[in-house]
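Enquirer: Residue numbers for the sequence shown follow the numbering used here, beginning at 294 and rising by one.
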Amino acid sequence: GPEDKDGRVRGNAIEALAPLVEKNTLQNPPQDLLESIKKCLEDKNNRARANAGVKLYRHFPQECFETLTKMMLSENNLMRSSAAWGLGQIPTPDGATLLLQVLKTEMEEMVLTQITRSLGLLSKDRMPLTQQIEVVLGSGSLTPEQLTKVPLPPPPPA
294 GPEDKDGRVR GNAIEALAPL VEKNTLQNPP QDLLESIKKC LEDKNNRARA NAGVKLYRHF
354 PQECFETLTK MMLSENNLMR SSAAWGLGQI PTPDGATLLL QVLKTEMEEM VLTQITRSLG
414 LLSKDRMPLT QQIEVVLGSG SLTPEQLTKV PLPPPPPA
């Protein structure tokens, strides 16, 4: 479960318990279950921590976003990669802004790949990735805060 000594098992347990705490399932999940998963926001395992941040976001948005932000600023590339994944699962302008900011300085290929995937998820039906990169480079007319609010332009006529 979420208290297992193996970090991978903790991460898997959080995924397995997620339907009990996510939207459109139980309106009031058991408090002990929430608290058990919430402890994983401080987990030393990147996967368990990111899973907890994503799965509990509905119940503890501030704490979960802070956890993912700290992970994104970690020196550990696995923490940063997991944070980038997590931020892509939570469609918020603040998460998109953080990913765009980190994209400017990140050097680790694994983390850059995950940032790109997450920005793609966040921009689905909103803003093409090329426009996002223009925002990062300062040549775009949109701000990062607008990332999750901008609808895609209509497709060109066939």
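Yeah, the Cβ is synthetic: ideal placement off N, Cα and C, and Gly gets one too. On a predicted model such as this, the values are computed, not experimentally measured, just so you know.
Under the three-state reduction of DSSP, which class applies to E368: helix, strand or coil?
Expert: Of the three classes helix, strand and coil, the one that applies to E368 here is coil, per DSSP.
Enquirer: Taking DSSP as the reference, what is the three-state secondary structure of E399?
Expert: In this structure, E399 counts as coil in the three-state DSSP scheme.
Enquirer: CB-CB under 6 Å to S374, same chain, minus the five flanking residues each way: which ones, in chain order?
Expert: Around S374: M403, V404, Q407.
Enquirer: Measuring only the C-alpha atoms, how far is N317 from R351?
Expert: Any reading at N317 needs caution, since the residue's pLDDT is 46, under 50, leaving its predicted position unreliable; the model's value is listed next. Looking at the two C-alpha atoms, the distance is approximately 11 Å.
Enquirer: Is the CB-CB distance between L412 and G379 below 9 Å?
Expert: No, they are not a contact pair.
Enquirer: What whole-angstrom Cβ distance do K332 and L349 have, given they're in contact under 8 Å?
Expert: About 11 Å; that fails the 8 Å criterion.
Enquirer: Considering only C-alpha positions, which residue in the set T409, M400, A389 is nearest to E368?
Expert: Ranking the options by Cα distance to E368, first place goes to M400.
Enquirer: Just to check my reading of the structure: L392 and A377 have Cβ atoms closer than 8 Å, yes? What is that Cβ distance to the nearest angstrom?
Expert: Going by Cβ atoms, the distance from L392 to A377 rounds to 6 Å, so yes, they are a contact pair.
Enquirer: Comparing alpha-carbon positions, which option in T398, P386, K397 lies nearest L414?
Expert: For the residues T398, P386, K397, the minimum Cα distance to L414 belongs to P386.
Enquirer: Our contact map puts C357 next to L334 with C-beta atoms below 8 Å; I'd like the distance itself, whole angstroms only.
Expert: About 7 Å; that satisfies the 8 Å criterion.
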